[in-house]
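Peer 1: Mind having a look at this structure? Questions to follow.
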Amino acid sequence: MNRDELADFLRNRRARVTPAEVGLPDGERRRTPGLRRQEVAQLAGMSIDYYIRLEQGRGPHPSKQVLNALSRALMLSQDERAHLFHLAGQPADTPRIREDVPGSLLHLIAFLEEVPAYVLDARYDIRAWNPVASALMGNLDDLPPDRRNVIRWVFMSPDIAEHLDDEEKGRFARASVADLRAAAGRYPDDQRLQALVTEMRGLSREFAELWDRHEVEIRREQRKRITHPAVGTIDAICQVLTVPDRDDLHLVLYTTEPGSPSHQALRELRQLTLSS
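For the record, in the sequence shown the residue sitting at position 158 is 158 according to the UniProt record's numbering, with numbers rising by one throughout.
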């Protein structure tokens, strides 16, 4: 159980829920945004003292019933509820991030000749990729392993503006940090993941500000506009698929509308990989 992170998450979420959203009157003027601690305790059916101790990081190990009640009171999304359970040590078994990529998955991305495809682990390290994905993301084959990390790329790459404009980069950065925070809750004992968070908070003010928002949302699908120096602009749908029986691995696919200019651009990019 991570008491400090749990306390921060509860305080952050309490500040984001308005009385009107949970059917309470606004009443007198409030000094702080969101719900009062007493209101959360009332909505969750627990004592105010118990809830205060949770927010102060000195509470007992909350049961699943308590966590479900808090999820309802704070209007948590499905991803946020799962994150709350992980922070509170539920389920009891702590999962471990595995680094091996199943052979069947390697075969799959190899067959996707015109679709950029790569395998991402919970730390946002790229574990495997096909040639067109390498060409799209800047020759992954030539990069050292520590540079094949999407979080470092989006926040620290000096040429990120050549691939994503400010709006695209902002959306992608926010979604990635929210997903990374969910992973940090699932794998609290993974030292490399925690070290990545510490590193990025020290190096990137933007990352630190996004991290401190405590937003939690697992990435599933996102539209992207990517500028490639050789083939131009590509409008793609980024599909993020969880590998069956391997929640720590995701298959990322960039698909385009058949027959569109973006589809043709990917075909040209594929031809470039064959001629190089």
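Using N, Cα and C, we set each Cβ at its ideal position, and we do this for glycine too.
It should be emphasised that the depicted structure is a prediction, and the values quoted were computed from it without experimental measurement.
(1) Expressed to the nearest angstrom, what Euclidean distance is found between the alpha-carbon atoms of residue 277 and Pro229?
(2) Could you tell me the distance, in whole angstroms, from the CA atom of Glu268 to the CA atom of Asp121?
(3) Within the region 134 to 196, note down every full alpha helix (DSSP H) run reaching 4 residues or more, in order along the chain.
(4) Compute the beta-carbon to beta-carbon distance between Thr242 and His250, rounded to the nearest angstrom, for a pair I have assumed lies under 8 Å.
(5) Would you mind working out which of Arg14, Arg11, Ala82 sits nearest Ala183, comparing C-alpha positions?
(6) Measure the C-alpha to C-alpha separation of Pro106 and Thr198 and round it to an integer number of angstroms.
(7) From the DSSP output, in three-state form, read off Ala230 for me.
(8) State the beta-bridge partners of Ala208 as determined by DSSP.
(9) Under the three-state reduction of DSSP, which class applies to His83: helix, strand or coil?
(10) Apart from the five residues just before and just after Val17, which ones in its own chain have a Cβ nearer than 7 Å to its Cβ?
(11) Shortest alpha-carbon distance to Val177 belongs to which of His163, His214, Gly232, Ser157?
(12) Which of the three DSSP states, helix, strand or coil, is assigned to Glu221?
(13) How about Leu196 and Ile126: do their beta carbons lie closer than 8 Å?
(14) May I have the straight-line CA-CA distance separating Val101 from Ser260, to the nearest angstrom?
(15) Ordered along the chain, which non-local residues of its own chain (more than five positions away) have a Cβ less than 6 Å from that of Val216?
(16) Tell me which same chain residues have a C-beta within less than 6 Å of the C-beta of Pro60, skipping the five on either side of it?
(17) Confirm, please, whether the CB-CB distance from Val240 to residue 320 is below 8 Å.
(18) Output the distance between the C-alpha atoms of Asp245 and Leu70, rounded to the nearest integer angstrom.
(19) Over what stretch of residues does the alpha helix (DSSP H) that includes Ala128 continue unbroken?
(20) Quick one: what does DSSP say His107 is sitting in, helix, strand or coil?
(21) Here's the rule I'm using: 16 or more other beta-carbon atoms within 10 Å means buried, otherwise exposed. How should Leu274 be labelled?
(22) With distances taken Cα to Cα, identify the nearest neighbour of Tyr51 among Tyr254, Asp8, Phe207, Gly23.
(23) Please tell me whether Arg270 and Glu114 are closer than 8 Å, where the distance is taken between their beta carbons.
(24) Hey, how far is the Cα of Ala92 from the Cα of Pro188?
(25) Express the C-alpha separation of Arg147 and Ser157 in angstroms, rounding to a whole number.
(26) Asp248: buried (16+ other C-beta within 10 angstroms of its C-beta) or exposed?
(27) Within 10 Å of its beta-carbon, does Leu266 have 16 or more other beta-carbons around it, so buried, or fewer, so exposed?
(28) How far does the alpha helix (DSSP H) with Ala20 in it extend, from its first residue to its last?
(29) Where does the unbroken alpha helix (DSSP H) through Thr273 begin, and where does it stop?
(30) I think Leu140 touches Ile226, with their Cβ atoms under 8 Å apart; what is that distance to the nearest whole Å?
Peer 2: According to the structure data:
(1) What is shown of the chain runs 1 to 276, which leaves residue 277 out entirely.
(2) 29 Å
(3) 150 to 156, 166 to 186
(4) 6 Å
(5) Ala82
(6) Going by the sequence as given, residue 106 is Leu instead of Pro. Straight-line Cα distance between these residues: approximately 31 Å.
(7) coil
(8) Looking at the DSSP assignment, Ala208 forms no beta bridge with any residue, so it has no partner.
(9) helix
(10) Gly34, Leu35, Leu74, Met75
(11) His214
(12) strand
(13) no
(14) 32 Å
(15) Asp79, Glu80, His83, Ala178, Arg181, Ala182
(16) none
(17) With the chain represented from 1 up to 276, any question about residue 320 goes unanswered, as that position is not in the structure.
(18) 29 Å
(19) Where Ala128 is concerned, there is no enclosing alpha helix (DSSP H), although the beta strand (DSSP E) it sits in stretches over 126 to 129.
(20) helix
(21) exposed
(22) Asp8
(23) yes
(24) In this prediction, Ala92 scores a pLDDT of 46, lower than 50, which makes its location untrustworthy; no coordinate-derived value is stated.
(25) 9 Å
(26) buried
(27) buried
(28) Unbroken run through Ala20: none, as it is neither H nor E.
(29) 261 to 275
(30) That pair is no contact at about 15 Å.
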